[in-house]
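When we follow our numbering, the leftmost residue of the sequence shown carries the number 99, and every step to the right adds one. A short write-up of the structure that comes next.
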Amino acid sequence: MDATQLAVPMPRIGDKAPAFTAVTTQGQINFPEQFSGSWVILFSHPADFTPVCTSEFMTFATMEDQFAQANCRLVGLSIDGLYSHIAWLRTIKEKIEFKGMKNVEVKFPLIEDITMEVAEKYGMIQPGESTTKAVRAVFVIDPKGIIRTIIYYPLSLGRNFDELYRVIVALQTADAFSVATPADWRPGDPVIVPPAGSCGVAKERMEAKEDDVTCYDWFFCTKQLPKEKVFDMILKK
Ligand code: BEZ
99 MDATQLAVPM
109 PRIGDKAPAF
119 TAVTTQGQIN
129 FPEQFSGSWV
139 ILFSHPADFT
149 PVCTSEFMTF
159 ATMEDQFAQA
169 NCRLVGLSID
179 GLYSHIAWLR
189 TIKEKIEFKG
199 MKNVEVKFPL
209 IEDITMEVAE
219 KYGMIQPGES
229 TTKAVRAVFV
239 IDPKGIIRTI
249 IYYPLSLGRN
259 FDELYRVIVA
269 LQTADAFSVA
279 TPADWRPGDP
289 VIVPPAGSCG
299 VAKERMEAKE
309 DDVTCYDWFF
319 CTKQLPKEKV
329 FDMILKK
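Now the structure itself:
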């Protein structure tokens, strides 16, 4: 199958997150409606009882409170049934120790998707990689249910969860302060003003020589945004 033969078009950044209801390890969910007002990371993994996925779930579960403090909830999915999910998560808690993490309880919902209905809606099945397993997809959805970031990894490559947290903080910072965030940005680093695309504003700003703004040319202006301001904004959400 190639991309032109896909039955359902893959969602894109800026689209409304496709709606579905599903059974999960935390009961039935109505997505994304039930998560309205929160950021959500909807992510897929290839299969239960596999090592890379296990390391990912342990990492994500350990960071769940950190994401919750940024008003971001986590929802997992794989093409496995509910009883497989429950048995796998119990095994993780009871037996697996990895990088200092042990007794890890996964409290966020994990969707059962044996029919692949949700995985297909979200373009998580990529036949060149596998026709029976979801790739490692990440959809970041904002409080209004709009897809704001999409990241795909292949089966063999475990995700970087610090990067996913950075994505949440950067998106919230861009929204709250009307700025863009440059390469490798972390809270406390300079931000880009105004956001990319509004070069008329940039030219005006350069001519006005605002105190806290440094312009290197008409298209590249930065300003300081203290880390404390970023974290105050995140914690107030
Ligand atoms: C894993 O999570 O370890 C994995 C799953 C599917 C294919 C390859 C690796």
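For every residue, glycine included, the Cβ atom is placed at its ideal position computed from N, Cα and C.
List the residues that DSSP assigns as beta-bridge partners of residue i.
{"i": "residue 126", "result": "121"}
{"i": "residue 142", "result": "175"}
{"i": "residue 196", "result": "199"}
{"i": "residue 237", "result": "140, 248"}
{"i": "residue 315", "result": "318"}
{"i": "residue 114", "result": "244"}
{"i": "residue 170", "result": "137"}
{"i": "residue 267", "result": "According to DSSP, which records beta bridges pairwise, residue 267 is partnered with nothing at all."}
Can you give the Cα-Cα distance for residue i and residue j, rounded to whole angstroms?
{"i": "residue 318", "j": "residue 291", "result": "8 Å"}
{"i": "residue 180", "j": "residue 205", "result": "14 Å"}
{"i": "residue 149", "j": "residue 284", "result": "30 Å"}
{"i": "residue 157", "j": "residue 282", "result": "21 Å"}
{"i": "residue 175", "j": "residue 315", "result": "45 Å"}
{"i": "residue 102", "j": "residue 228", "result": "Confidence at residue 102 is low in this model, with a pLDDT of 49, below 50, so the placement of that residue should be treated as unreliable; the coordinate-derived value is given next. Residue 102 and residue 228: Cα-Cα distance of roughly 17 Å."}
{"i": "residue 320", "j": "residue 276", "result": "12 Å"}
{"i": "residue 261", "j": "residue 108", "result": "23 Å"}
{"i": "residue 81", "j": "residue 208", "result": "Residue 81 is absent from the structure shown; the chain starts at 99 and stops at 335."}
{"i": "residue 131", "j": "residue 172", "result": "14 Å"}
{"i": "residue 196", "j": "residue 153", "result": "7 Å"}
{"i": "residue 129", "j": "residue 159", "result": "20 Å"}
{"i": "residue 331", "j": "residue 325", "result": "10 Å"}
{"i": "residue 199", "j": "residue 192", "result": "12 Å"}
{"i": "residue 194", "j": "residue 311", "result": "50 Å"}
{"i": "residue 106", "j": "residue 225", "result": "14 Å"}
{"i": "residue 121", "j": "residue 216", "result": "11 Å"}
{"i": "residue 118", "j": "residue 239", "result": "14 Å"}
{"i": "residue 201", "j": "residue 309", "result": "52 Å"}
{"i": "residue 329", "j": "residue 288", "result": "15 Å"}
{"i": "residue 243", "j": "residue 189", "result": "33 Å"}
{"i": "residue 313", "j": "residue 182", "result": "56 Å"}
{"i": "residue 279", "j": "residue 286", "result": "11 Å"}
{"i": "residue 151", "j": "residue 249", "result": "16 Å"}
Pick from the options: whose alpha carbon is nearest that of residue i?
{"i": "residue 186", "options": "238, 245, 123, 243", "result": "123"}
{"i": "residue 232", "options": "238, 245, 214", "result": "214"}
{"i": "residue 137", "options": "279, 241, 128", "result": "241"}
{"i": "residue 252", "options": "243, 265, 264, 234", "result": "234"}
{"i": "residue 245", "options": "255, 266, 126, 327", "result": "266"}
{"i": "residue 211", "options": "310, 322, 126, 198", "result": "126"}
{"i": "residue 327", "options": "248, 106, 191, 268", "result": "268"}
{"i": "residue 272", "options": "225, 254, 323", "result": "323"}
{"i": "residue 333", "options": "236, 118, 274, 247", "result": "274"}
{"i": "residue 263", "options": "237, 177, 182", "result": "237"}
{"i": "residue 146", "options": "255, 184, 248, 259", "result": "184"}
{"i": "residue 87", "options": "203, 280, 189, 177", "result": "Only positions 99 to 335 of the chain appear in the structure, and residue 87 is not among them; the question remains open."}
{"i": "residue 155", "options": "247, 279, 250, 258", "result": "258"}
{"i": "residue 169", "options": "270, 278, 248", "result": "270"}
Taking 6 Å as the cut-off, is the C-beta of residue i nearer than that to any heavy atom in ligand 2?
{"i": "residue 260", "result": "You won't find ligand 2 in this model; what it holds is ligand 1."}
Under 8 Å: do the stretch 110-122 and the stretch 154-170 share three or more Cβ pairs, one atom per stretch? Pairwise C-beta distances place the stretch 110-122 out of contact with the stretch 154-170, as fewer than three of them are shorter than 8 Å.
Residues proximal to ligand 1 by C-beta, any heavy atom closer than 5 Å: Those residues, listed in chain order, are 144, 148, 149, 150, 151, 253.
Check whether the stretch 205-223 touches the stretch 138-156, counting contact only when three or more Cβ pairs, one atom from each stretch, lie closer than 8 Å. Judged by Cβ distances under 8 Å, the stretch 205-223 makes contact with the stretch 138-156, as three or more pairs qualify.
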